[in-house]
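What follows is a set of notes on a single structure, which appears directly below.
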Amino acid sequence: MLLDNSQITAKIDLGALLFKDKRLSSDGTISCASCHQPDKAFADDLAVAEGIGGQQGVRNTPSLLNAAYMTTQFWDGRRETLEDQAQDPLFNPIEHGLTGPQQALDLVRGDADYRQRFQQVFNVSPAEIRMEHLAQAIAAFERTLLAGDSPFDRYQYGSDQQALTSAEREGLALFTGRAGCSGCHSIGEDSALFTDNRFHRLGVGFKKIESRLAEIARIYVSSADPAEQLSPLEISEMGRFVVTGKPADIGKFKTPSLRNVTLTAPYMHDGSVATLEEAVELEIYYRSQERARPLILTPVEKANLVAFLKALTSP
1 MLLDNSQITA
11 KIDLGALLFK
21 DKRLSSDGTI
31 SCASCHQPDK
41 AFADDLAVAE
51 GIGGQQGVRN
61 TPSLLNAAYM
71 TTQFWDGRRE
81 TLEDQAQDPL
91 FNPIEHGLTG
101 PQQALDLVRG
111 DADYRQRFQQ
121 VFNVSPAEIR
131 MEHLAQAIAA
141 FERTLLAGDS
151 PFDRYQYGSD
161 QQALTSAERE
171 GLALFTGRAG
181 CSGCHSIGED
191 SALFTDNRFH
201 RLGVGFKKIE
211 SRLAEIARIY
221 VSSADPAEQL
231 SPLEISEMGR
241 FVVTGKPADI
251 GKFKTPSLRN
261 VTLTAPYMHD
271 GSVATLEEAV
281 ELEIYYRSQE
291 RARPLILTPV
301 EKANLVAFLK
311 ALTSP
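Per the working numbering, residue 1 is the first one in the sequence shown, and the count goes up by one each step.
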């Protein structure tokens, strides 16, 4: 992997073109932007991602907003950098469906505009263009997908006391206080990612594999190619375990950011939660289980939490 990936305008522009190019799929119908749509906070409105031929994946499309600040990528954290992340969907048989790097390289090497842009950005001839160059350009574009100027930010960091309504302020107090939401959806002193970049188990979707859990775990750790014996859903629901192999990570998924969360429904790693109201109810149940005592919120308090979450929407 090329180590220096400085942010320059020409590289970002090249990455944006690659991000939107449907020719980087086996049937010419899917681009990165197909699932990561700007008007939906660079996610989509589907329960699970949809790829070539209308094939459905097994996980909800995560937003790319502020991905530059994430310490790992994907719901299971299997990639550490955006450069590594950018390549996975291209060669996933359900997503873009390319059979290998040569297909992508043939496309960009055969396009006069791409040849000129790669030469300008990376100082390489067409024959010298590599997948690392494509990944760097896409990652450079993704690092520009930032969100921050929400009513919450203007209130919390801009000293604008009128930026939040009274209901939203009460929701913020619950979020950082009794409800304990900020324990995972972090708020810092001078900025807020609304994720701790860690992995947690809420039990969402776990019943799909619970009866075969021991067998699935055994097959995964003992087989050279677990995908030959396990379904994509069975592998997916194991969560972080498929990366670390640690039993304690079974069913754990990365904390998603709540930035622009009103635009990214449905929620959770499997897209099984349709609304913010349902998500709040699920989180209340999870907090109660975690603390071994019920977290009781009134209907008004729940509504205030939802109001606060809506105040995290920014341009």
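Here a beta-carbon is modelled for each residue, glycine too, at the ideal position from N, C-alpha and C.
About 6 Å separates the beta carbons of G97 and S25, which is inside the 8 Å limit, making them a contact pair.
Counting C-beta pairs closer than 8 Å gives three or more between the stretch 230–243 and the stretch 67–78, which meets the contact rule. In this model, E228 and I219 are separated by some 10 Å (Cα to Cα).
Bridge pairing for K254: F199 [DSSP]. In the structure shown, the three-state DSSP call for Q55 is coil.
In the three-state reduction of the DSSP assignment, Q73 falls in the strand class, which pools E and B. Judged by their CB atoms, C32 and A67 are not nearer to each other than the 9 Å cut-off. Linking L305 to I216 through their CA atoms gives a straight-line distance of about 38 Å.
Rounded to the nearest angstrom, the gap between the Cα atoms of G57 and P89 is 11 Å. Between the alpha carbons of P93 and I235 lies a gap of roughly 15 Å. Counting only residues of its own chain and dropping the five nearest sequence neighbours on each side, R109 has a CB closer than 8 Å to the CB of R115, P126, A127 and I129. Minimum Cα-Cα distance from L134 among the listed residues D13, S272 and G271 corresponds to D13. In its chain, beyond the 5 residues on either side, A43, W75 and P256 have a beta carbon closer than 7 Å to the beta carbon of P62. Contact between L233 and L146 does not hold, since the beta-carbon distance rounds to 33 Å and is not under 8 Å. When DSSP states are grouped into helix, strand and coil, A43 belongs to the strand group. With fewer than 16 other beta carbons inside 10 angstroms of its own, V300 counts as exposed. Assigned with DSSP and collapsed to three states, Q156 falls in helix. In this structure, A47 lies away from C35, with their beta-carbon atoms at least 9 Å apart. In the DSSP assignment, A192 falls outside any alpha helix (DSSP H) and carries neither an H nor an E. Here S231 is exposed, its C-beta having fewer than 16 other C-beta atoms within 10 Å.
Put simply, the backbone Cα of K252 is about 43 Å away from that of N123. Taking a cut-off of 8 Å on C-beta distances, the stretch 179–195 touches the stretch 156–166, as three or more cross pairs fall below it. Residue environment: Y69 is assigned as exposed (fewer than 16 neighbouring CB atoms within 10 Å of its CB, all protein chains considered).
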